[in-house]
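In full-length UniProt numbering, the protein residues as written are 1 to 500.
All C-beta atoms in this analysis are idealised placements derived from N, C-alpha and C, irrespective of residue type, glycine included.
What follows is one structure encoded as structure tokens, with my remarks underneath.
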Amino acid sequence: MSGLDPKPLHQLGVAELGRALAAKSVSSAELTQHLLARVTSHEALGAFLHVDADAALAAAKAADARRAGGDTGALLGVPLAHKDIFVTRDMPTTAGSKILAGYRSPFDATVLARLFAAGTVSLGKLNCDEFAMGSANENSAYGPVANPWDAARVPGGSSGGSAAAVSARLVPAATGTDTGGSIRQPASFTGITGIKPTYGVCSRYGMIAFASSLDQAGPMARSAEDCALLLSAMSGFDERDATSVERPPQDFHAQMQQAREGATAAQPLKGLRIGLPKEFFPAGLSSDVDKAVREGLSQMEKLGATLVEVSLPRTELAIPVYYIIAPAEASSNLSRFDGVKFGHRAAQYDDLLDMYKKTRAEGFGAEVKRRIMIGSYVLSHGYYDAYYLQAQKLRRMIADDFQQCFTQCDLIAGPVAPTVAWKHGEGKDDPVKAYLADIFTLPGSLAGLPGMSVPVGFGEGGMPVGLQLLGNYFQEGRLLHAAHALQQATDWHQQAPSGY
């Protein structure tokens, strides 16, 4: 690598690795072997649930053969790993739950199939909160994931395994999913970059459903540029997904590089109006998070952006709205896991109903059971109008608040979470406390807007802090452009945890 980049292979991001592979300064097989060795040496992190070294090396050799034949794809031969919420034909899929132990899908999720077609190499499947329900990755049936910056702290959730693997330099990037903040929050907690695109931009086909009107796939990587390359490959219309948006293929990398009108090399964000909702900077926001976020915003001002005060008056309502709608949809989606067709089945039972009860009691964890019960309650006769219907009305009002803001600004910014990553076990006995930590990510999810987490410094205990950027519908290119400009001027996203 000395002729191209002095950094070790595992310190290179997706774009850098693509250039190294194109220059033939390293082969995909060499790169894959190097990263597989790192995965083995850092098993204590708990990030991986399944690794298939033989299949990965075979895919790497196939990618090398494609390059030798003249293929020049930007992702060809780049190793990745995938959140275990996406079904895979050649590897088990558990969604972090005992109820799916040993399950193998007959097909690949669309998002993964597109990445495989682009020539990426899959190292394995990554740990996650059970059925993507959680903010700490402590709800996995297969054990918690540690934060590479401090093993005593959580990596965030539910895409905690993906975030930890990228942060620890086990893989240059990974797939994640975001229902209420599960890409942005773990990205913030581990010092990496993550983007949740507009709802419908990435297919949900083959992504095990938690809350169907909220779930969305997205990439988690070192930089905005890496996220742009991955999102270009992952996204696009899929006729098998009724919620997939029918739009032509997007080159987000090209959109990221497009200069704004009037922008200069010194001020690439000139003319960009960034809205700061006063509700995103409450008195209860940790001072260390507030300081880091404002430092990031100050950097964006230096790059030409203008900060504008705006308001999202229904921000506090996002928590009760989300925790009515999401559990309601979960109670419906998870009814399919009953021991009949796939997954775990109780060993002893008296009749069909008894089998259902015992299978689900044994297979589901405490948080999943909690959300199923909440969801069943709010959908039940006599409560649907009082809870679920009212929540849907408020959801529309929250979306309208954003549209009002976007008449005054181009992007909205604020913290991703009120604090840095907390210690393992702190939220175990108080699930509501963990729910409250999602207050800044939930509004954008309920509105279906694209959002990012971009590293902007460090807070208490030297833990990473992320800046949240939210855009209007289908404004991923604008988001990525702003994040890329910030990262070109700073090195927060290049900082690695000690020992990795």
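Starting from residue i, trace the alpha helix (DSSP H) both ways and give me its first and last residue.
{"i": "residue 166", "result": "160–167"}
{"i": "residue 186", "result": "184–190"}
{"i": "residue 398", "result": "390–405"}
{"i": "residue 484", "result": "476–489"}
{"i": "residue 373", "result": "366–379"}
{"i": "residue 432", "result": "431–436"}
{"i": "residue 91", "result": "That residue, residue 91, is in no alpha helix (DSSP H); it is neither H nor E in DSSP."}
{"i": "residue 226", "result": "224–234"}
{"i": "residue 354", "result": "352–363"}
If we ignore side chains and look at the alpha-carbon of each, how far apart do residue i and residue j end up?
{"i": "residue 408", "j": "residue 310", "result": "8 Å"}
{"i": "residue 2", "j": "residue 97", "result": "Annotation note: pLDDT 41 at residue 2 (below 50); position unreliable, coordinate value reported separately. If you take the alpha carbons of residue 2 and residue 97, they lie about 44 Å apart."}
{"i": "residue 165", "j": "residue 232", "result": "22 Å"}
{"i": "residue 212", "j": "residue 109", "result": "15 Å"}
{"i": "residue 460", "j": "residue 145", "result": "20 Å"}
{"i": "residue 4", "j": "residue 35", "result": "In this prediction, residue 4 scores a pLDDT of 48, lower than 50, which makes its location untrustworthy; the coordinate-derived value is nonetheless stated afterwards. If I take the Cα positions, the gap works out to 19 Å."}
{"i": "residue 481", "j": "residue 253", "result": "9 Å"}
{"i": "residue 32", "j": "residue 302", "result": "40 Å"}
{"i": "residue 494", "j": "residue 20", "result": "18 Å"}
{"i": "residue 423", "j": "residue 394", "result": "33 Å"}
{"i": "residue 167", "j": "residue 463", "result": "12 Å"}
{"i": "residue 317", "j": "residue 285", "result": "17 Å"}
{"i": "residue 326", "j": "residue 23", "result": "47 Å"}
{"i": "residue 486", "j": "residue 420", "result": "21 Å"}
{"i": "residue 9", "j": "residue 445", "result": "35 Å"}
{"i": "residue 260", "j": "residue 305", "result": "11 Å"}
{"i": "residue 113", "j": "residue 106", "result": "13 Å"}
{"i": "residue 376", "j": "residue 152", "result": "35 Å"}
{"i": "residue 484", "j": "residue 244", "result": "27 Å"}
{"i": "residue 314", "j": "residue 215", "result": "21 Å"}
{"i": "residue 383", "j": "residue 322", "result": "16 Å"}
{"i": "residue 269", "j": "residue 489", "result": "12 Å"}
{"i": "residue 249", "j": "residue 203", "result": "13 Å"}
{"i": "residue 83", "j": "residue 183", "result": "11 Å"}
{"i": "residue 194", "j": "residue 378", "result": "32 Å"}
{"i": "residue 125", "j": "residue 91", "result": "8 Å"}
{"i": "residue 433", "j": "residue 427", "result": "6 Å"}
{"i": "residue 479", "j": "residue 307", "result": "15 Å"}
{"i": "residue 95", "j": "residue 53", "result": "21 Å"}
Give the DSSP bridge partners of residue i, in chain order.
{"i": "residue 195", "result": "452"}
{"i": "residue 502", "result": "Since the first and last residues shown for the chain are 1 and 500, residue 502 lies out of range."}
{"i": "residue 51", "result": "124"}
{"i": "residue 153", "result": "423"}
{"i": "residue 330", "result": "Its beta-bridge partners do not exist; DSSP assigns none."}
{"i": "residue 442", "result": "DSSP, once it has assigned bridges, lists no residue as partnering residue 442."}
{"i": "residue 83", "result": "126"}
{"i": "residue 413", "result": "469"}
{"i": "residue 519", "result": "Only positions 1 to 500 of the chain appear in this structure, which leaves residue 519 out of reach."}
{"i": "residue 504", "result": "No statement about residue 504 is possible, as the shown extent of the chain runs from 1 to 500 and does not include it."}
{"i": "residue 207", "result": "86"}
Would you mind reading off the limits of the beta strand (DSSP E) that contains residue i?
{"i": "residue 220", "result": "216–221"}
{"i": "residue 178", "result": "173–178"}
- Message: Ignoring anything shorter than 3 residues, give me the beta strand (DSSP E) runs that lie fully in the region 104–146, in order along the chain.
- Response: 121–126
- Message: If contact is defined by three or more beta carbon pairs under 8 Å, each pair taking one atom from either stretch, is the region 181–191 in contact with the region 411–419?
- Response: yes
- Query: When the Cβ atoms of the region 265–272 are set against those of the region 137–148, are three or more pairs found closer than 8 Å?
  - Reply: no
- Message: For the structure I just gave you, are there three or more beta carbon pairs, one from the region 466–486 and one from the region 433–451, closer than 8 Å?
- Response: yes
- Query: Three or more C-beta pairs closer than 8 Å, one from the region 68–81 and one from the region 191–202: is that the case here?
  - Reply: no
- Message: Within 8 Å, do at least three Cβ pairs link the region 452–463 to the region 291–302?
- Response: yes
- Item | Touch test, the region 171–179 against the region 11–18, Cβ-Cβ under 8 Å, three pairs minimum | yes
- For the region 109–123 and the region 217–236, state whether three or more C-beta atom pairs, one from each stretch, are separated by less than 8 Å. yes
- Task: Return the chain-ordered ranges of every alpha helix (DSSP H) run that is complete within the region 11–35 and spans a minimum of 4 residues.
- Result: 14–22
- Item | the region 337–348 / the region 278–292 touching (three or more Cβ pairs under 8 Å) | no
- Item | Touch test, the region 237–248 against the region 154–165, Cβ-Cβ under 8 Å, three pairs minimum | no
- With contact counted as at least three CB pairs below 8 Å, one residue from each stretch, are the region 64–73 and the region 35–51 in contact? no
- Item | Length at least 4, wholly inside the region 239–271: the alpha helix (DSSP H) runs in chain order | 252–257
- Item | Touch test, the region 275–287 against the region 356–368, Cβ-Cβ under 8 Å, three pairs minimum | no
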